[in-house]
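K.L.:
Numbering of the sequence shown is given in our numbering, commencing with residue 37 and proceeding in unit increments.
Quick one: the structure is below, and I'll ask about it shortly.
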Amino acid sequence: MRTSSSIVRHEEISADSGMVVAQHVTAAEIGVEVLQRGGNAVDAAITTAFATGVLLPIWNGVGGGGVMTVHLDGGGGGTVDFGMQAPGAARADMYELEEEQDVQGPSRRFSWMKVKNNANVEGYTSIAIPGTMAGLTTALEKWGTIDLDQAVAPAVKLAREGFPLSRTTALAMAEKHALLSRFDATKPIYLNNGSPLRVGANFVQTEHAETLERLGRNGASELYGGETGARIVDDVEKNGGYLRLSDLEQYQAIVHEQPLAGTYRGLGVSGVTGPCAGPTVFEILNILSNFDLAGMGHGTPNFLHTLIEAVKLAAVDRFNFMGDPAVYGFPIDVLADPEYAKSRVSEIDPTHAQEFTAGDPWSFADTAKPTGFPGQAGAAPDDGTTSLTTADKDGNMVALTQTNLGFSGVVNPGVGVMMNNAMGWSAPMPGTVNSIAAYARALNNMTPMILHENGRAVMAIGGSGGRRIWPAVVQTIVNRVDFGMGLQEAVEQPRIHVESDDSVINPAFGDDVLAELAKRGHKYSLPPKEFMLWPFSEPNGIIRDNGVWKSGVNPQTKPTHAAGY
């Protein structure tokens with residue numbers, strides 16, 4: 037087995053048979069061991085996902101949710117949406133609001149009111165219905181070859197025996213020390229006599245191990261109505277949260293046999309539909325396909341201007357139309373229609389930055405815009421996500437992203453799992469397309485994508501970093517497809533991040549380029565230098581290059597690694 041070294045800039049790893057890329061070296065190695073024992077890419081992805089939930093428990097795990105895209109060699113596969121749902125008791129006006137706006141990053145035009153006492157993002161009142169266990173077991177049953185108890189076994193061992201705490205995780209825990217100190221069942225696990233755990237400390241999660249064993253033995257029903265679910269709900273209810281056993285019992289992962297599909301420069305593209313970032317990525321790629329990016333040259337003012345404007349167009353549509361289609365009725369896949377993208381292209385002025393308004397996707401839909409369709413939402417806080425990709429000897433590929441959103445700080449007694457704070461994904465006031473509603477799946481930023489050619493997968497890509505994910509996934513695809521970069525080179529290139537009118541631009545593009553963008557009217561800031569404030573996503577993935585699997589990892593904060601054989 038070969039693995040990449042733990043440095044900010046990684047070397048490319050090549051493998052003839054199989055590969056796993058994950059945001060912890062141990063998780064990647066565990067996934068490759070599954071492949072070496074004869075498991076397929078889905079087996080490796082699910083096993084790696086459970087392990088990652090233990091290794092990076094504040095960012096993901098069975099207390100959270102996610103999405104995944106599966107491509108089987110020759111065609112076939114699908115997607116699984118296991119995003120978190122609002123409890124049945126949730127209402128659009130359930131939180132008391134401050135008078136101050138909650139502005140997330142550069143999304144000044146798309147913001148919402150702050151919630152008093154951070155009740156939507158901290159503690160028991162922030163917990164939504166978790167979906168990870170349903171999603172991972174559904175995928176394993178549908179496309180995998182190993183049993184669930186085998187898939188959870190490495191995670192159980194890690195949780196029970198412990199492992200050295202990484203620098204990234206230790207810093208993140210220290211940053212949230214006050215939150216972790218609030219909950220009695222959290223403190224013994226995440227603190228050392230009230231102090232933050234140090235880098236390299238042996239991190240043991242005994243109750244987490246016992247929970248995973250029960251889940252492996254009894255299946256998803258153990259969480260969605262069984263003993264584990266009852267323990268979670270009992271604690272949440274006692275402490276003023278909204279989650280109930282009936283909420284868990286009704287939860288189901290959503291499987292799409294046909295993924296959201298399109299093309300980019302002649303390659304097939306597959307992703308996840310619904311209230312995630314898949315439709316947004318398709319809209320951006322469809323807009324960009326109308327421009328000769330390669331002819332502009334990578335990193336030039338013309339290239340960056342076009343890229344920024346395309347992302348801004350899609351972002352305006354995203355915040356004006358996207359929420360749970362089952363609740364608000366918007367036909368989300370229309371945003372992925374190439375013809376709709378063409379209707380937006382003419383709005384891009386090649387000489388000057390614009391402040392765009394939303395388009396008219398309803399004119400491309402089969403249904404009319406309903407009376408009283410809600411207004412625009414905003415950009416939610418989102419900083420707790422992990423991404424992994426797998427590929428096997430038969431050519432199957434998986435891209436999987438899972439998250440706790442950030443994390444609530446709550447560990448339920450007798451369960452040992454860090455719970456999500458996914459109520460913070462929804463706009464906390466009525467009247468928006470992403471407002472809180474009973475059983476709504478709020479808009480999230482995950483977008484695991486697979487590119488394919490003649491039925492054979494050639495690239496699996498995803499990322500972590502909240503709202504920064506989808507602009508980064510687009511740029512990685514463009515770097516690979518338009519400019520022919522290897523994936524490692526593609527993920528290491530300087531990037532922009534934009535989601536409304538202001539951008540964050542990596543200064544590595546150069547002073548002359550930045551000056552020209554300013555001349556064209558772009559408003560931008562430069563990234564902060566602090567390690568934990570890195571304002572760009574960390575995309576990672578795998579490509580097939582002349583029959584060989586090759587990695588691309590971008591470990592700016594999380595210690596992403598590739599392993600293959």
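Don't be surprised by glycine CBs; every beta carbon is placed ideally from N, CA and C.
Considering only residues of the same chain and omitting the five flanking positions on each side of N582, which have a CB-CB separation below 8 Å?
P.N.:
Closer than 8 Å at the Cβ level, and outside the excluded window around N582, lies no residue.
K.L.:
Taking contact to mean 3 or more Cβ pairs, one atom from each stretch, closer than 8 Å, check whether the region 420-439 and the region 70-78 are in contact.
P.N.:
With the cut-off at 8 Å, the region 420-439 and the region 70-78 touch.
K.L.:
So what's Y131 in DSSP terms, helix, strand or just coil?
P.N.:
Note: Y131 maps to coil in three-state DSSP.
K.L.:
Spatial neighbours of V370 within its chain, please: CB distance less than 7 Å, with the 5 preceding and 5 following residues excluded, ordered by chain position.
P.N.:
Within the same chain, V370 has close Cβ partners Y376, P397, F400, A401.
K.L.:
Report yes or no: do the region 120-133 and the region 457-467 share at least 3 C-beta pairs separated by less than 8 Å?
P.N.:
With a cut-off of 8 Å, the region 457-467 and the region 120-133 count as touching, because enough Cβ pairs lie within range.
K.L.:
Just to confirm, is the Cβ distance from L259 to V269 under 8 Å?
P.N.:
No. Outside cutoff.
K.L.:
What are the uninterrupted segments assigned as beta strand (DSSP E) that are 3 or more residues long and contained completely in the region 87-117, given in chain order?
P.N.:
Entirely contained in the region 87-117, the beta strand (DSSP E) runs reaching 3 residues are, in chain order, 101-107.
K.L.:
Does the region 166-176 come into contact with the region 99-117, if we say contact requires no fewer than three beta-carbon pairs (one atom in each stretch) closer than 8 Å?
P.N.:
Contact between the region 166-176 and the region 99-117 is present, because at least three Cβ pairs lie under 8 Å.
K.L.:
Under a Cβ-count criterion, where at least 16 other Cβ atoms within 10 Å of its own Cβ denotes burial, should F409 be classed as buried or exposed?
P.N.:
Exposed: under 16 other Cβ atoms inside 10 Å.
K.L.:
In chain order, what residues of the same chain have a beta carbon less than 8 Å from the beta carbon of K559, not counting five sequence neighbours either side?
P.N.:
Around K559: A389, D537, D538, S539.
K.L.:
Per DSSP, L303 is paired with what?
P.N.:
Per DSSP, Y300.
K.L.:
Nearest to G159 by alpha carbon, out of N456, P591, E574?
P.N.:
That would be N456, whose Cα lies nearest to the Cα of G159.
K.L.:
Between the region 507-519 and the region 328-347, do three or more beta carbon pairs fall short of 8 Å?
P.N.:
Yes, the region 507-519 touches the region 328-347.
K.L.:
Could you tell me whether the Cβ atoms of Q438 and N76 are closer together than 8 Å?
P.N.:
Going by C-beta atoms, Q438 is not nearer than 8 Å to N76.
K.L.:
Which of helix, strand or coil does DSSP assign to E211?
P.N.:
E211: helix per DSSP, three-state reduction.
K.L.:
Helix, strand or coil for P232? Go by DSSP, reduced to three states.
P.N.:
Note: P232 maps to strand in three-state DSSP.
K.L.:
Kindly indicate which three-state DSSP category D185 falls into: helix, strand or coil?
P.N.:
Correct three-state label for D185: helix.
K.L.:
Helix or strand or just coil, what does DSSP make of L279?
P.N.:
Coil.
K.L.:
Within a Cβ cutoff of 6 Å, which residues of the same chain sit near P315, ignoring the five residues on either side of it in sequence?
P.N.:
Counting only Cβ-Cβ distances below 6 Å, and skipping sequence neighbours, we find I368, L371, A372.
K.L.:
Are the region 261-275 and the region 236-243 touching by the rule of at least three beta carbon pairs closer than 8 Å?
P.N.:
Because the criterion of three Cβ pairs below 8 Å is not met, the region 261-275 and the region 236-243 do not touch.
K.L.:
Go ahead and label V192 buried or exposed: buried means 16 or more other beta carbons lie within 10 angstroms of its beta carbon, across all protein chains shown.
P.N.:
When all chains shown are included, V192 counts as buried.
K.L.:
Whose C-beta lies closer than 7 Å to the C-beta of W317 among residues of the same chain, with five residues either side of it excluded?
P.N.:
This sequence places Val at residue 317; Trp is not what is there. Result list for V317: G307, T483, M485, W506, V509, V510, in chain order.
K.L.:
Taking the alpha carbon of V434 as the point to measure from, which residue in V90, V116, S50, H46 has its own alpha carbon closest?
P.N.:
Ranking the options by Cα distance to V434, first place goes to V116.
K.L.:
If I'm right that L251 touches A87 with Cβ under 8 Å, what's the distance once you round it to whole angstroms?
P.N.:
Between A87 and L251 the Cβ distance is about 14 Å, and since that is not below 8 Å, they are no contact.
K.L.:
Can you tell me which of the three DSSP states G265 falls into?
P.N.:
Three-state DSSP puts G265 in a helix.
K.L.:
For I505, does the three-state DSSP call read helix, strand or coil?
P.N.:
Helix, per DSSP.
K.L.:
When we look at the beta-carbon of K586 and count the other beta-carbons within 10 Å, is it buried (16 or more) or exposed?
P.N.:
With 16 or more other Cβ atoms within 10 Å, it is buried.
K.L.:
May I have the straight-line CA-CA distance separating L92 from V381, to the nearest angstrom?
P.N.:
Roughly 41 Å between the two C-alpha positions.
K.L.:
May I have a chain-ordered list of the beta strand (DSSP E) segments no shorter than 3 residues that lie completely inside the region 531-576?
P.N.:
Counting whole runs of 3 or more residues, the region 531-576 contains the beta strand (DSSP E) stretches 532-534, 538-541, 559-561.
K.L.:
Give the DSSP-derived three-state secondary structure of K193 in the structure shown.
P.N.:
It is helical.
K.L.:
With L71 as the anchor, note down where its alpha helix (DSSP H) starts and where it stops.
P.N.:
Taken as a continuous stretch (DSSP letters only), the alpha helix (DSSP H) holding L71 covers 61-72.
K.L.:
Between which residues of its own chain and D185 is the CB-CB distance below 7 Å, once the five residues before and five after are set aside?
P.N.:
These residues qualify, in order along the chain: G252, R253.
K.L.:
CB P575 to CB T204, shorter than 8 Å?
P.N.:
No, the pair does not count as a contact, with Cβ atoms beyond the cut-off.
K.L.:
Hey, quick one: how far does the alpha helix (DSSP H) through R412 stretch, first residue to last?
P.N.:
The sequence shown places Gln at residue 412, not Arg. Taken as a continuous stretch (DSSP letters only), Q412 belongs to no alpha helix (DSSP H), as it is neither H nor E.
K.L.:
Determine the extent of the alpha helix (DSSP H) in which A170 is found, giving its start and end residues.
P.N.:
Per DSSP, A170 belongs to the alpha helix (DSSP H) from 168-179.
K.L.:
In terms of residues, what are the limits of the beta strand (DSSP E) holding S500?
P.N.:
Segment 492-500, the beta strand (DSSP E) holding S500.
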